[in-house]
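Residues 40 to 347 (this note's numbering) are what the sequence shown spells out, left to right. Step one of this worksheet: look at the structure below.
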Amino acid sequence: MSTEAISNPATSKSSIRANTVFMALLVYFFVTLQKPISHMYVVSMIYAIPNSETWKYGMTFAIGCIGIALIFWGLRKDEVKGSLMGFLGAMLVWDSWVEMGLDFFEHANSIPMVKDAEGTPVLLGSHNILEISSIFLVFMLMMTMFQKDMRCRMLMWIRKQCGMREGLGKPTPGLKPQTSRIAATEYVFVNWFMYVLMIGILDPRIAGTYHPATYALSAAIFIWSVYLLYKQSKQNEVGLMIRYAIGAAGVAWYNWEITTYWGWYKEFWIDPNQMGKWAIVLALFIGIFIFLWKTPVNPDTGKSAKLQ
């Protein structure tokens, strides 16, 4: 495809790549598929791998290192490939270092589960560790918000409402974003924030699974996730779609998680007996990844065409 065709999507209207809403929703679906895949991976590592530190935790540490390498290699890629590599790399880091690291420290320190008044387990010991990490999360989010070149929509909105923009100065002109690093950082922060939020509200010492505050928060997050899905459909460049979907789908996943606590459905992605469904999800994820990877990009700007 010529540079002219890339810069002018009207020349390729017959392609599904020129349909903004389709591409935006496809990217959203792709990012959402990562969530069950991550659960499959963690469940497999915890229960299928031999219970030895060398195999279970040594292997996951190595896989996390591959994730770091993907993020690094993505720094020199265009916006589409960089965003994909940052997203995939952060996924491997979170699942291998964070999730499995929490599992290691939970068992190494015999951290007990949190139970409700009836004695029903609500949170794992690893959830306790993650809940405590909220102290560090709040500080790091604030420091990120003080960064004048930060482009997170939510933090920019908070910064505006708090009247911080003038005190931070103007963004650096002509600064080319490192999309791989941005996508990876966004993935980690969104995952971290939403997990801490859900664990905190489910903690019976704070609210609980069926507490009115839990229902109120869940309703607010559902409305928020619908709004973000609407905004996702308005993104008009594939690299930006990927990065926006990391946040939008990350927020929406709370709805899937909280409803399992309410018994609305059973998660097939944590059941090793559902390997057929696991294979379908993984095949869809890989197929869409390849499709997005092949997105035509303007060599001068490093971006895909702006869709209409």
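Every residue gets a Cβ at the ideal spot worked out from N, C-alpha and C, and that includes glycine. Since the model is a prediction, treat every value here as computed from it, not as a measurement.
Per DSSP, P216 lies in no alpha helix (DSSP H) and is assigned neither H nor E. Straight-line measurement puts the Cα of Y293 at about 10 Å from the Cα of T299. P75: member of the alpha helix (DSSP H) spanning 59 to 86, first to last residue. Taking the Cα positions, M184 is about 7 Å away from R198.
Taking the Cα positions, V277 is about 11 Å away from D117.
Counting only runs that start and end inside the segment 188 to 265, the alpha helix (DSSP H) elements of at least 4 residues fall at 192 to 200, 204 to 207, 218 to 241.
Secondary structure at K316: helix, using DSSP grouped into helix, strand and coil. Apart from sequence neighbours up to five positions away, the residues of its chain that approach W94 with a beta-carbon distance below 6 Å are I88, ordered along the chain. Under the three-pair Cβ rule at 8 Å, the segment 264 to 276 does not count as touching the segment 168 to 187. Look at the beta carbons and you see the segment 248 to 264 not touching the segment 313 to 327: under three pairs across the two are nearer than 8 Å.
One thing to note: Y86 has its Cβ no nearer than 8 Å to the Cβ of M139.
If the five residues before and after S219 are omitted, its C-beta is found closer than 6 Å to the C-beta atoms of I110, G113, L114, G121, M124, G125, all from its own chain and listed in chain order. Here the segment 275 to 289 makes contact with the segment 52 to 68; the two share three or more CB pairs at distances below 8 Å. Its chain contains G103 as the residues whose beta carbon lies nearer than 6 Å to that of W136, once the 5 sequence neighbours on both sides are disregarded; these appear in chain order. Counting the other Cβ atoms within 10 Å of the Cβ of H146 gives fewer than 16, which makes it exposed.
In the structure shown, the three-state DSSP call for L346 is coil. Beta bridge pairing from DSSP links P89 with no other residue. Residues of the same chain with a CB within less than 7 Å of the CB of Y234, apart from the 5 flanking positions on each side, are L169 in chain order. Every alpha helix (DSSP H) stretch that sits fully inside the segment 124 to 197 and reaches 4 residues is listed by chain position as 139 to 147, 164 to 171, 173 to 184. Per DSSP, the continuous alpha helix (DSSP H) segment holding I297 begins and ends at 277 to 300.
In the DSSP assignment, F111 falls within the alpha helix (DSSP H) that extends over 97 to 112.
In terms of Cβ geometry, L141 and V153 do not form a close pair [threshold 8 Å].
With a threshold of 16 other beta carbon atoms within 10 Å, S343 meets it and is buried. Contact between M79 and W317 is confirmed by a C-beta separation of about 5 Å, below the 8 Å threshold. Residue environment analysis places R244 among the exposed positions, since fewer than 16 neighbouring C-beta atoms fall within 10 angstroms of its C-beta. In this structure, the alpha-carbon of M182 lies about 36 Å from that of I309.
Between A259 and Y67, the gap from beta carbon to beta carbon reaches 8 Å or more. In terms of Cα proximity to P151, the closest of G158, K74, G164 is G164. Taking every protein chain shown into account, the CB of I319 has fewer than 16 other CB atoms within 10 angstroms, so this residue is exposed.
Rounded to the nearest whole angstrom, the C-alpha separation of T211 and Q200 is 22 Å.
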